[in-house]
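J.: Below are the structure tokens for one structure; questions will follow.
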Amino acid sequence: MTITHIIFDLSEVLIRGLVGIDNEVGKLIGNQSDNLLRKFGGEDLRALCRNEIIEDDYLKKIITKEKWSCSPDELKRVIRNNFHHIIGEMDELVAELSKKYSLILLSDHAKEWINYIEGYHDFLNHFSYRKYSFDTGHLKYEIHNFKILLNDLNIPSSSCLFIDDRKENIETAQQCGIKGILFKDQDQLIKELARYGVFL
């Protein structure tokens with residue numbers, strides 16, 4: 149079947165997520181380390197993205213555990229500044245694709261972060277449907293959000309193409325019959341899209 153709907157991940161595909169905060173967090177706490185990003189991951193991040201805890205509590209837990217001498221507000225500023233960075237020229241690619249295809253955003257994200265991101269990045273208005281983990285209480289490696297998406301839009305899985313930077317999410321989409329592209333960079337994506345008959 150012809151591809152009519154393209155599903156995009158957000159972080160590390162369209163814009164930066166937490167990847168890239170290491171340097172600024174290091175400056176803030178006076179300790180440069182290659183492992184700083186890992187401090188923000190794990191079950192607490194998953195709970196935040198499922199809307200089980202709020203951002204303030206998430207950040208306070210990290211600060212307390214790591215004994216950092218900074219405030220949640222200072223970390224919020226670093227994180228939000230990182231969200232400003234668009235991956236390559238993906239905003240322009242999205243704008244072009246939206247002329248021919250229905251675009252869907254499917255993201256594991258925190259409610260507070262999306263409130264900021266949607267206010268900052270106008271190009272997200274090209275997405276006619278957006279579904280976030282904090283809305284559903286489920287992450288993408290679970291099959292739940294893909295089933296919701298297909299049901300809400302009443303579309304066959306064979307009409308969809310999913311783009312994500314994590315292999316496990318691509319594999320979950322495939323369990324629903326949704327074809328996937330593992331994102332590496334914009335040039336690679338354009339070539340992969342063409343393989344599925346998707347052209348700018």
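Those letters in the sequence shown? Residues 149 to 348, per our numbering, in order.
Ideal Cβ placement from N, Cα and C applies to all residues, glycine included.
Quantities reported herein were computed from a predicted structural model and do not represent experimental measurements.
(1) Confirm, please, whether the CB-CB distance from L253 to F156 is below 9 Å.
(2) Which runs of the alpha helix (DSSP H) at least 4 residues long sit entirely within the segment 230-296? Give them in chain order.
(3) Would you identify the three-state DSSP class for K332, choosing helix, strand or coil?
(4) Please report the residue range of the alpha helix (DSSP H) in which D312 lies.
(5) What residue range does the beta strand (DSSP E) around I154 cover?
(6) Can you tell me whether S217 is helix, strand or coil according to DSSP?
(7) What separation, rounded to the nearest whole angstrom, lies between the Cα atoms of F188 and F347?
(8) What whole-angstrom Cβ distance do V167 and V226 have, given they're in contact under 8 Å?
(9) Return the chain-ordered list of same chain residues with a C-beta closer than 6 Å to the C-beta of I204, the five sequence neighbours on each side being excluded.
(10) Between the segment 231-239 and the segment 328-344, do at least 3 Cβ pairs fall closer than 8 Å?
(11) Please return the same chain residues whose Cβ sits closer than 7 Å to the Cβ of G165, not counting the five positions on each side in sequence.
(12) Please state the DSSP three-state secondary structure of S305.
(13) Assuming H125 contacts S307 under a Cβ cut-off of 8 Å, what Cβ separation, rounded to an integer in Å, is found between them?
T.: Concretely, from the data shown:
(1) Counted from its first residue, the sequence shown places residue 156 at position 8. Counted from its first residue, the sequence shown places residue 253 at position 105. In this structure, the beta-carbon distance from F156 to L253 falls below 9 Å.
(2) Within the segment 230-296, the runs of alpha helix (DSSP H) at least 4 residues long that lie entirely inside it are, in chain order, 238-245, 259-268 and 281-284.
(3) Working through the sequence shown from its first residue, we reach residue 332 at position 184. Assignment of K332 by DSSP, reduced to helix, strand and coil, places it in the coil class.
(4) Against the sequence shown, residue 312 aligns to sequence position 164. No alpha helix (DSSP H) contains D312, which is instead part of the beta strand (DSSP E) from C308 to D312.
(5) Walking along the sequence shown from the start, residue 154 turns up at place 6. Element bounds for I154: H153 to F156.
(6) The residue given as residue 217 occupies position 69 in the sequence shown. Assigned with DSSP and collapsed to three states, S217 falls in coil, not helix or strand.
(7) Numbered from 1 along the sequence shown, position 40 holds the residue referred to as residue 188. Numbered from 1 along the sequence shown, position 199 holds the residue referred to as residue 347. The alpha-carbon atoms of F188 and F347 are separated by roughly 37 Å.
(8) Here residue 167 refers to the residue found at position 19 when the sequence shown is read from its first residue. Here residue 226 refers to the residue found at position 78 when the sequence shown is read from its first residue. Between V226 and V167 the Cβ distance is about 13 Å, and since that is not below 8 Å, they are no contact.
(9) Here residue 204 corresponds to residue number 56 of the sequence shown, with the count starting at 1. It should be noted that the sequence gives Asp, not Ile, for residue 204. Around D204: P220.
(10) Taking a contact to require three or more Cβ pairs closer than 8 Å, the segment 231-239 and the segment 328-344 qualify as touching.
(11) For the purposes of this step, residue 165 is taken as residue 17 along the sequence shown, with counting starting at 1. Same-chain partners within the cutoff: S159.
(12) Residue 305 sits at position 157 when you count from the first residue of the sequence shown. Correct three-state label for S305: helix.
(13) Outside the displayed span of the chain (149 to 348) sits residue 125, for which this structure offers no information.
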